[in-house]
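Note sheet for the following structure.
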Amino acid sequence: MLKEHKEEDADDALIKKYITTGNSGYFEPIVERYERYAYIYAYSLLKNEFDAQDVVAESFLKAFAKIRQYRLDSSFKNWFLKIVHNNSLDLLRKNKTMVYLDDQENGERFFTDEALSYDNIESLDFGELQKSLDQLPHELKGAVILRYYYDWDYKKICEFLNIPMGTLSSRLNRACKKLKNLYEGGM
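Using numbering that gives the first Met the number 0, you'd call the opening residue of the sequence shown number 0 and step up by one each time.
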């Protein structure tokens, strides 16, 4: 939590410098800090390397252009990920490949937060796990990714996805049940 606050403070300081000077060099460290984070999220929704790269690039351009709309002392990471999320969903709608996510509850028992946190993402075997996640509708997959990969709490996810707590709980429960069935069925 302390690390997250330090990053947010550093982000705000860079953003203030960019706004006052107009020097885009102040934005580069922010891009470097969140590019991989955003790419993993976009790719998990889009399932296409090039589309994910495009969405991340487009999202940074939007963030750069609309930086004055960002509220200092809030979380740039969350604000930016919302842009990535919306751009990903826009692309899915445009390509008419949108799949709807189901609901879930008590999913924490199936995957541990520690195993699926963003900090441990390099140690994950994305092969089997990714195949299973790919079989979930987008709404369920998004909830699972935000909860278990990014280790967001329920309140933060509900605000981000603009859904009630009960809906999130239901989505996570259904996702975990589906994933458990996939693993028990031997994929």
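Note that the Cβ used here is the ideal one computed from N, Cα and C, for glycine as well.
Exercise. Which one of K61, C175 and T19 has the shortest CA to CA distance from Y147?
Worked result: Within the sequence shown, numbered from 1, the residue matching residue 147 stands at position 148. Ranking K61, C175 and T19 by Cα distance to Y147 puts C175 first.
For this session: Return yes when the Cβ of A51 is within less than 8 Å of the Cβ of Y36, no when it is not.
Result: Counted from its first residue, the sequence shown places residue 36 at position 37. Counted from its first residue, the sequence shown places residue 51 at position 52. No, the pair does not count as a contact, with Cβ atoms beyond the cut-off.
Problem set entry | Status (buried if at least 16 other CB within 10 Å, exposed otherwise) for F59 | Your numbering for residue 59 matches position 60 in the sequence shown. Residue burial annotation: F59 is buried, with at least 16 other C-beta atoms found within 10 angstroms of its C-beta.
For this session: Answer yes if the stretch 64 to 84 comes into contact with the stretch 8 to 27, meaning at least three C-beta pairs across the two stretches below 8 Å, and no otherwise.
Result: yes
For this session: Give me the Cβ distance between A41 and V83, rounded to the nearest whole Å; I'm assuming they're in contact under 8 Å.
Result: By one-based count along the sequence shown, residue 41 stands at place 42. By one-based count along the sequence shown, residue 83 stands at place 84. About 5 Å separates the two Cβ atoms, so the contact holds.
For this session: Label S23 either buried or exposed according to how many other C-beta atoms from any shown protein chain fall within 10 Å of its C-beta, with 16 as the threshold for buried.
Result: The residue you call residue 23 lines up with position 24 of the sequence shown. With fewer than 16 Cβ atoms within 10 Å of its Cβ, S23 is classed as exposed.
For this session: Return the CA-CA distance between F159 and T20, expressed in angstroms with no decimal places.
Result: Looking up residue 159 in the sequence shown gives position 160. Looking up residue 20 in the sequence shown gives position 21. Straight-line Cα distance between these residues: approximately 31 Å.
For this session: Apply the 10 Å Cβ neighbour rule to A62 and answer buried if 16 or more other Cβ atoms are within range, or exposed otherwise.
Result: If you number the sequence shown from 1, residue 62 lands on position 63. Answer is buried; the Cβ neighbour count reaches 16.
Problem set entry | Pair within 8 Å by beta-carbon distance, Y153 and F79 | Here the question's residue 153 lines up with position 154 in the sequence shown. Here the question's residue 79 lines up with position 80 in the sequence shown. No, Cβ-Cβ distance for Y153 and F79 is not below 8 Å.
For this session: Could you pull the start and end residues of the alpha helix (DSSP H) that S43 belongs to?
Result: The residue given as residue 43 occupies position 44 in the sequence shown. Its alpha helix (DSSP H) spans residues E27 to L45.
For this session: Return helix, strand or coil for D89, following the three-state DSSP convention.
Result: As a first step, residue 89 must be located in the sequence shown, where it is residue number 90. Three-state result, D89: helix.
Problem set entry | Rounded straight-line distance, which links the Cα of L45 to that of K140 | Here residue 140 refers to the residue found at position 141 of the sequence shown. Here residue 45 refers to the residue found at position 46 of the sequence shown. Taking the straight line from one Cα to the other gives about 11 Å.
For this session: Specify, as a first and last residue, the run of the alpha helix (DSSP H) that G24 falls within.
Result: Residue 24 sits at position 25 when you count from the first residue of the sequence shown. G24 -> no alpha helix (DSSP H), and no H or E assigned at all.
Exercise. CB-CB under 7 Å to Y25, same chain, minus the five flanking residues each way: which ones, in chain order?
Worked result: Locating residue 25 in the sequence shown gives position 26, where the first residue counts as 1. These residues qualify, in order along the chain: L13, K16 and Y17.
Exercise. Can you tell me the Cα-Cα spacing of D8 and K81, whole angstroms?
Worked result: Here residue 8 refers to the residue found at position 9 when the sequence shown is read from its first residue. Here residue 81 refers to the residue found at position 82 when the sequence shown is read from its first residue. Straight-line Cα distance between these residues: approximately 19 Å.
For this session: Can you tell me which of the three DSSP states S74 falls into?
Result: Indexing the sequence shown from 1 puts residue 74 at position 75. Here S74 sits in coil by DSSP.
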